[in-house]
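>
Residue numbers (this note's numbering): 886 to 1045.
Dropping the structure here:
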């Protein structure tokens, strides 16, 4: 199995950002993103449909099954999303691809948002994998920065 592993991190509250987002607001935004990914990453995801919501009996963490339609190729993918309050959400796709959304705190208390990606590309050649990686790097940056931008708009409108 061929896999691309990558991550992108951005500060949540860079110099000049307004309003300043709290960790609680960022977490609330990530929970909204689980049910409405297209609100946060409209260039990548066309729609999100929540299929079910439950609680993992072993951990007590909320688990959401959702279907997303990717804009580029109209691919419909069912994802299992587990939320680990207050710091991360993990999205697992049937092909083994795994995406993590992580809210972390730096040494001075500053907040960061990191997305990690483990993109499965079964049967991809080295050349194809490299081509996918370049596209995935651009997408990961756009996803993180776009999510922070939308969270700030939601905070300005009193929605988180």
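Glycine included, each C-beta is placed from N, C-alpha and C at the ideal position.
Remember, predicted model here, so these are calculated numbers, not experimental data.
(1) Does residue 936 pass the burial test, meaning 16 or more other C-beta atoms within 10 Å, or should it be called exposed?
(2) Indicate the three-state DSSP secondary structure (helix, strand or coil) for residue 926 in the structure shown.
(3) If you check the beta carbons only, do residue 976 and residue 957 fall under 8 Å apart?
(4) Determine the extent of the beta strand (DSSP E) in which residue 891 is found, giving its start and end residues.
(5) Quick one: measure Cβ to Cβ for residue 921 and residue 933, integer angstroms, because I've assumed they're closer than 8 Å.
(6) Measure from the alpha carbon of residue 967 to the alpha carbon of each residue in 995, 941, 895, then state which is nearest.
(7) Assuming residue 917 and residue 1040 make a contact with CB atoms under 8 Å, what is their CB distance in whole Å?
(8) Evaluate contact between the region 992–1006 and the region 889–904, counting only Cβ atoms and requiring at least three cross-stretch pairs below 8 Å.
(9) Identify the continuous alpha helix (DSSP H) that holds residue 1030 and give its terminal residues.
(10) CB residue 931 to CB residue 1045, shorter than 8 Å?
(11) Terminal residues of the continuous beta strand (DSSP E) containing residue 901?
(12) Using 10 angstroms around the beta-carbon of residue 981, count the other beta-carbons present and answer buried if the total reaches 16, otherwise exposed.
(13) Mapping DSSP to helix, strand and coil, what is residue 913?
(14) Alpha carbon to alpha carbon, how far is residue 987 from residue 971?
(15) Since residue 946 is in the beta strand (DSSP E), which residue starts that stretch and which ends it?
In this structure, then:
(1) exposed
(2) coil
(3) no
(4) 887–896
(5) 5 Å
(6) 941
(7) Going by Cβ atoms, the distance from residue 917 to residue 1040 rounds to 12 Å, so no, they are not a contact pair.
(8) yes
(9) 1011–1041
(10) no
(11) Residue 901 -> no beta strand (DSSP E), and no H or E assigned at all.
(12) exposed
(13) helix
(14) 9 Å
(15) First-last for residue 946: undefined, no H or E at that position.
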